[in-house]
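>
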Amino acid sequence: MDPVPEQRLARLYADHAGRLFAYARRHGDASTAEDLVADAFEVALRRLDRVPDDPGEARAWLVATVRRLAANGRRRDASRDQHWRAAVRDGWHARGGASAEEVVAERDACVTALAALTEVDRETLLLVAWEGLTPAQAADVLGLSPNAFTVRLHRARRRLELRLAATAHLDTLTPGSPS
Amino acid sequence: MNDLLTTLTQARPTQAELDQMWPPSSRHARAETLLGSGRAGGGHRRSGRLALAAAAVVALAAVATPVVLAPDDAAAADLRALALSAAAYDAPVLAEGTWLHERSTSVQVDRGSSDGFGNPPGRYDRQRESWTSWDGHRSLIVERSPSRGWVEYSDLREEFEASYADPTPAFAATLPDDPDGLRAYLDARVQGSSSRQEAVYSALTGLVASHTLPPQTLAAAYDALAEVQDVSTDDLRVRGRAAVEITFTEDLTSSSQSLVVDRSTGQVLEMRNRSEQTDFTSSTELSEVVHDVPAGVRAAFDAHAGEGAFVESTGEPYVG
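Top line first, the protein sequences correspond to chains E and B. Quick note, my numbering runs 334 ahead of the 1-based positions in the first sequence. Quick note, my numbering runs 1257 ahead of the 1-based positions in the second sequence.
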């Protein structure tokens, strides 16, 4: 561990701030996301002894902190819908070999399918797929037991796939319909 | 297509996307504030949506001492009249042990394609009912999406530090209840470079819309808004009530944010945000003080205690 708290915080920031911003962006606009990240690191500085040494565990701890901070905003904000969609679109990594049209179609199909899910289901999927957390870490973030998380993840995946299949089916019935 | 989780995992943002979302220069600047002198400030930072965009403007033209221009006379008169209404209105008082019960409906319309489930293009609706404890430390929230057929329950118990940006009724009672004092309090805390007026507007309207301000403090907030630049007002009727729309327009981002307020009580009826991408309206249908959370609501939450937020399917189109 770094001897000076500020040095350890600086290391944590260098390692995690970018990805933490991508997570925070799902909960607010860009300036809100910046504030959430900064607030999370202020919490980390005050409670540095509670931040795990393992990088993956530290990332999960920081994600959980941002989630709690964002929950305060949720108390009074009736809709965060616009933010997560923009965050997913902005952060989408285009797979190699795919055309621009294919990437946009695949991305928008996923966004549409995710939009039909509840926030809880969406968060469950994205914590694993985008934050790269293990199921146990993601369970901690959501305050669930690992078993409960596994069940929720399974259901969320099934719902997402059914949604995507339904979208594809409708697209075949509606030639020229937007993706 | 691949399994969706696989697709999402493969699309996980790499460092290139992360850098595009939050450029390293901005990230480093924030780190300097965090690790430098600004770290221990304790006040809530608010960079403001305009702050980043304004940076380019600032680079071209250094911003000297802020010049505070009052809104036009008609808007100022409207806001001062609202202050009088708010001060005179006998709003319910959140006494110790009581709960703030609110019900609202929000609709967001995006300019985009249909979602493929029969909903109009990019239309998202949500009905929300909440019970917030008098000290603000517990919130029971039930959210429904009629068009998507789900209900979500959230029991938020997190301790948090109340501030003007996250006000609780208890915190709101400690705020200055005169316009100069309230403005001075916020001036010492909000940040926003050349978007300072937007930051002050957002702070004041955030407080007004929180439904936590005592009548005199609510009146002070309207009086303080009368001194904020780029604020305009319009007459309209909402659900049969005479109302005032208080709008802050941001030319830089071609967007506006507004509150719609009941003329006779000074209570917020709607919040609206408009931009080139989205129109969002949240209507407050009920705001009342109750002595307890209804037994049926408590039972629904108790039945799922320990699960965090939980979800009930209400049938199609949500697939259980």
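All C-beta atoms in this analysis are idealised placements derived from N, C-alpha and C, irrespective of residue type, glycine included.
Closer than 7 Å by C-beta to Leu1470 of chain B: which residues in its own chain qualify, once you throw out the five before and the five after it? Chain order, please.
Around Leu1470 of chain B: Ala1429, Leu1464 and Ala1478.
> Does the CB of His427 of chain E have a neighbour CB from chain B at under 8 Å?
Yes, because at least one Cβ of chain B sits closer than 8 Å to the Cβ of His427 of chain E.
> Start and end of the alpha helix (DSSP H) containing Tyr357 of chain E?
Counting along the chain, the alpha helix (DSSP H) containing Tyr357 of chain E begins and ends at Pro339 to Arg359.
> Taking the alpha-carbon positions, what's the Ala1331 of chain B to Gly362 of chain E distance?
Rounded to the nearest angstrom, the two C-alpha atoms are 34 Å apart.
> According to DSSP, is Thr1389 of chain B part of a helix, a strand, or is it coil?
Note: Thr1389 of chain B maps to strand in three-state DSSP.
> Just to make sure I have the definition right: I need the residues of chain B whose C-beta is within less than 7 Å of the C-beta of Gly390 of chain E. Which are they?
Correct list: empty, because the minimum Cβ distance to chain B is about 14 Å.
> For Asp1412 of chain B, which residues in chain E fall below 7 Å Cβ to Cβ?
In chain order: nothing, as chain E lies at least about 10 Å away.
> In angstroms with no decimal places, state the Cα-to-Cα distance between Glu440 of chain E and Arg486 of chain E.
When rounded, the distance between both Cα atoms is 24 Å.
> Work out the CA separation of Val1554 of chain B and Cys444 of chain E for me, nearest whole Å.
Taking the straight line from one Cα to the other gives about 34 Å.
> How should His1358 of chain B be labelled, buried or exposed, when 16 other C-beta atoms within 10 angstroms of its C-beta is the threshold for buried?
Counting Cβ neighbours within 10 Å, His1358 of chain B comes out buried, since at least 16 surround it.
> Going by beta carbon distance, what residues of the same chain come within less than 7 Å of Val1550 of chain B, once the five residues before and after it are set aside?
Counting only Cβ-Cβ distances below 7 Å, and skipping sequence neighbours, we find Trp1356, Trp1388 and Leu1397.
> Val475 of chain E and Arg401 of chain E look like a contact to me (Cβ under 8 Å); what is the Cβ gap, rounded to whole Å?
The pair is a contact, with the Cβ atoms about 6 Å apart (cut-off 8 Å).
> For Ala356 of chain E, collect the residues of the same chain with a Cβ closer than 7 Å to its Cβ; drop the 5 residues on either side in sequence, then sort them by chain order.
Closer than 7 Å at Cβ, skipping near neighbours: Ala421 and Gly425.
> When the distance is taken between beta carbons, is Ala1476 of chain B closer than 8 Å to Ala1343 of chain B?
Against a cut-off of 8 Å, the Cβ pair of Ala1476 of chain B and Ala1343 of chain B comes out as a contact.
> Alpha carbon to alpha carbon, how far is Leu396 of chain E from Gly431 of chain E?
Leu396 of chain E and Gly431 of chain E: Cα-Cα distance of roughly 34 Å.
> Taking the continuous alpha helix (DSSP H) assigned at Asp1437 of chain B, which residues delimit it?
Segment Pro1436 to Asp1444, the alpha helix (DSSP H) holding Asp1437 of chain B.
> So which residues on chain A does Tyr347 of chain E lean against when the C-beta distance must stay under 8 Å?
The chain labelled as chain A is not found among the protein chains of the depicted structure, namely E and B.
> Alpha helix (DSSP H) containing Tyr1479 of chain B: first to last residue?
Start and end: Pro1472 to Leu1482.
> Could you tell me the alpha carbon to alpha carbon distance between Ala447 of chain E and Pro1424 of chain B, rounded to whole angstroms?
Cα to Cα, Ala447 of chain E sits roughly 35 Å from Pro1424 of chain B.
> What residue does the beta strand (DSSP E) around Glu1545 of chain B start on, and which one ends it?
Glu1545 of chain B -> beta strand (DSSP E) spans Thr1535 to Val1547.
> Assign Ala1286 of chain B to one of two classes, buried (16 or more other C-beta atoms within 10 Å of its C-beta) or exposed (fewer than that).
It is exposed - the Cβ of Ala1286 of chain B has fewer than 16 other Cβ atoms within 10 Å.
> From the DSSP output, which residues share a beta bridge with Met1528 of chain B?
DSSP, once it has assigned bridges, lists B:Leu1516 and B:Ser1539 as partnering Met1528 of chain B.
> Contact check, Glu1527 of chain B vs Thr1538 of chain B under 8 Å by CB: the rounded distance?
With 8 Å as the limit, Glu1527 of chain B and Thr1538 of chain B qualify as a contact, their Cβ atoms being about 6 Å apart.
> Inspect the beta-carbon positions of Leu343 of chain E and Leu370 of chain E and report whether they are closer than 8 Å.
Contact: no.
> Given 8 Å as the limit, is there contact between the stretch 1486-1493 of chain B and the stretch 1501-1509 of chain B, that is, 3 or more CB pairs closer than that?
Yes, the stretch 1486-1493 of chain B is in contact with the stretch 1501-1509 of chain B.
> Looking at C-alpha atoms only, which residue of E:Gly466, E:Phe483 and E:Ala348 is the closest neighbour of Gln1267 of chain B?
It is E:Gly466 whose Cα lies nearest to the Cα of Gln1267 of chain B.
> Does any residue of chain E have a CB that is nearer than 8 Å to the CB of Arg1380 of chain B?
No, Arg1380 of chain B lies away from the interface with chain E (no Cβ there is under 8 Å from its Cβ).
> At what residues does the beta strand (DSSP E) containing Asp1491 of chain B begin and finish?
Note, Asp1491 of chain B: beta strand (DSSP E), Val1488 to Val1495.
> Output the boundary residues of the alpha helix (DSSP H) element that contains Glu1455 of chain B.
Start and end: Arg1453 to Ala1466.
> State the start and end residues of the unbroken beta strand (DSSP E) segment that holds Ala1331 of chain B.
Note, Ala1331 of chain B: premise wrong, no beta strand (DSSP E); alpha helix (DSSP H) at Asp1330 to Ala1345.
> Counting only beta-carbon atoms, is Arg342 of chain E nearer than 8 Å to chain B?
Not an interface residue.
> Would Leu1262 of chain B pass as an interface residue toward chain E - the criterion being a Cβ-Cβ separation below 8 Å?
Interface residue, yes.
> Starting from the C-beta of His417 of chain E, find all residues in its chain whose C-beta is less than 7 Å away, skip the five residues before and the five after it, and write them out in chain order.
Once the five neighbours on either side are set aside, the close Cβ partners of His417 of chain E are Arg359, Arg360, His361, Gly362 and Asp363.
> For Val405 of chain E, decide whether its Cβ has a neighbour in chain B, counting only Cβ atoms nearer than 8 Å.
It is worth fixing the name first, because residue 405 of chain E is Ala in this sequence and not Val. It does: the Cβ of Ala405 of chain E has a partner Cβ on chain B nearer than 8 Å.
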